[in-house]
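Trainee: Below you will find the structure I want to go over with you.
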Ligand SMILES: [Mg+2]
């Protein structure tokens, strides 16, 4: 398996993300380099992705923890989002949609025309498992944070952003169609 | 009485657009919402007396471009202005939209000022 690298896209991912935040999400963000990550190493609470097809196909996705998804939703809507609900998923989907749309125009010359899908948001919430304790009232709650994975062949180009101590990654994976 | 139809598959985006319209002092008496082109056509059939339609491009069931073509083929007595509000921003897409019957175009993400500048031609500003 060959790993495709496309480091030159990082700059466009950073500027597209900054553009979306500076116009529609009143929240300070800073980017901090980029790295490649094997897919089976990705563990996250929320994935918001937009796939694209054309000469190249690929995915742009936001990977983040529940806290930052709530923070982004709250800033975007000017409300206090407390739970991962329909609004949070909708907001995160639109963020990915806008970053992908902005990026598409910047990388058009490199990757050719592409068609974007409607956004898909997957949220894994903390699961609570109650252990059986033989009639004892001393029940224990075990919290498990679920991880979600996608199934692509190559490594993801991850561009991390942080805001007041919390962070999220904008992931990008692309391959040329034969 | 000004009535605006907001067509976007994202309810969050519909809320943001409404908030921005209000905050920038544009006068709208009633917002009607639709989540795709099909719902939007139903709304037009229910009440053709709309002053403006704000239209997303990428939506399930019926896309914005399919909607605007269908709308224009109805040949309504009052031509309702349509402004695309979409992440699609390439020149090809903009001209495709205009040829299909869209009047204005705004690319997402947008600032409140950009929204007001684009919609200022169609809505009164306080
Ligand atoms: Mg949409």
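Chains as they are written, first to last, in this note's numbering: chain A, 1 to 178; chain B, 1001 to 1126. Beta carbons are placed, not taken as given, at the ideal position from N, Cα and C, and that holds for glycine.
(1) Looking only at its chain, what residues have a beta carbon closer than 8 Å to the beta carbon of residue 104 of chain A, apart from the 5 residues adjacent to it on each side?
(2) Chain A beta carbons: is any one of them nearer than 8 Å to that of residue 942 of chain B?
(3) Could you tell me which residues DSSP puts in a beta bridge with residue 86 of chain A?
(4) Can you tell me the Cβ-Cβ gap for residue 172 of chain A and residue 60 of chain A, rounded? I've got them flagged as a contact below 8 Å.
(5) How would you write the range of the alpha helix (DSSP H) that residue 1041 of chain B sits in, first residue to last?
(6) On the CB-based measure, 16 or more other CB atoms within 10 Å of its CB, does residue 1084 of chain B come out buried or exposed?
(7) Do residue 119 of chain A and residue 83 of chain A have their C-beta atoms closer together than 8 Å?
(8) Is residue 31 of chain A helix, strand or coil by DSSP?
(9) What is the DSSP secondary structure of residue 188 of chain A, counted as helix, strand or coil?
(10) Are the Cβ atoms of residue 1071 of chain B and residue 1044 of chain B separated by less than 8 Å?
(11) Between residue 174 of chain A and residue 1126 of chain B, what straight-line distance do the alpha-carbon atoms span, to the nearest angstrom?
(12) What residue does the alpha helix (DSSP H) around residue 18 of chain A start on, and which one ends it?
(13) What's the gap between the Cα of residue 14 of chain A and the Cα of residue 106 of chain A?
(14) Among residues of its own chain, excluding the 5 on either side of residue 67 of chain A, which ones have a beta-carbon nearer than 6 Å to its beta-carbon?
(15) Helix, strand or coil: which one does DSSP assign to residue 139 of chain A?
(16) Can you check whether the C-beta of residue 1169 of chain B is within less than 8 Å of a C-beta belonging to chain A?
(17) Any beta carbon of chain A sitting closer than 8 Å to that of residue 1058 of chain B?
(18) Starting from the beta carbon of residue 97 of chain A, find every residue of chain B whose beta carbon is closer than 7 Å, and list them in chain order.
Mentor: In short:
(1) Your numbering for residue 104 of chain A matches position 104 in the first chain. Only 52, 114 and 116 meet the Cβ criterion.
(2) In this structure chain B extends from 1001 to 1126, so residue 942 of chain B is not present and cannot be described.
(3) Working through the first chain from its first residue, we reach residue 86 of chain A at position 86. According to DSSP, which records beta bridges pairwise, residue 86 of chain A is partnered with nothing at all.
(4) Position 172 of the first chain, counting from 1, holds the residue named residue 172 of chain A. Position 60 of the first chain, counting from 1, holds the residue named residue 60 of chain A. Contact annotation, residue 172 of chain A with residue 60 of chain A: C-beta distance approximately 5 Å; criterion of less than 8 Å satisfied.
(5) For this step, residue 1041 of chain B is matched to residue 41 along the second chain. Its alpha helix (DSSP H) spans residues 1037-1046.
(6) To locate residue 1084 of chain B, count along the second chain from 1; it is residue 84. Label assigned to residue 1084 of chain B: buried.
(7) Stepping through the first chain from its first residue, residue 119 of chain A is reached at position 119. Stepping through the first chain from its first residue, residue 83 of chain A is reached at position 83. Contact check for residue 119 of chain A against residue 83 of chain A fails: the beta carbons are separated by 8 Å or more.
(8) In the first chain, the residue the question calls residue 31 of chain A occupies position 31. Annotated three-state conformation of residue 31 of chain A is strand, per DSSP.
(9) Because residue 188 of chain A is not part of the residues shown, which for chain A are 1 to 178, the question remains open.
(10) Walking along the second chain from the start, residue 1071 of chain B turns up at place 71. Walking along the second chain from the start, residue 1044 of chain B turns up at place 44. Yes. Within cutoff.
(11) Position 174 of the first chain, counting from 1, holds the residue named residue 174 of chain A. Position 126 of the second chain, counting from 1, holds the residue named residue 1126 of chain B. C-alpha separation (whole angstroms): 47 Å.
(12) Counted from its first residue, the first chain places residue 18 of chain A at position 18. For residue 18 of chain A, the enclosing alpha helix (DSSP H) starts and ends at 10-24.
(13) Translated into the one-based positions of the first chain, residue 14 of chain A becomes position 14. Translated into the one-based positions of the first chain, residue 106 of chain A becomes position 106. Taking the straight line joining both Cα atoms gives about 11 Å.
(14) Within the first chain, residue 67 of chain A is the residue found at index 67, counting from 1. The residues are 166.
(15) In the first chain, counting from the first residue as 1, residue 139 of chain A sits at position 139. Only weak support exists for where residue 139 of chain A lies, its pLDDT of 34 falling under 50; the value from the coordinates is given anyway. Of the three classes helix, strand and coil, the one that applies to residue 139 of chain A here is coil, per DSSP.
(16) Only positions 1001 to 1126 of chain B appear in this structure, which leaves residue 1169 of chain B out of reach.
(17) As a position in the second chain, residue 1058 of chain B is number 58, starting the count at 1. True, the Cβ-Cβ gap to chain A drops below 8 Å.
(18) In the first chain, residue 97 of chain A corresponds to position 97, counting from 1. Residues of chain B passing the Cβ test: 1087.
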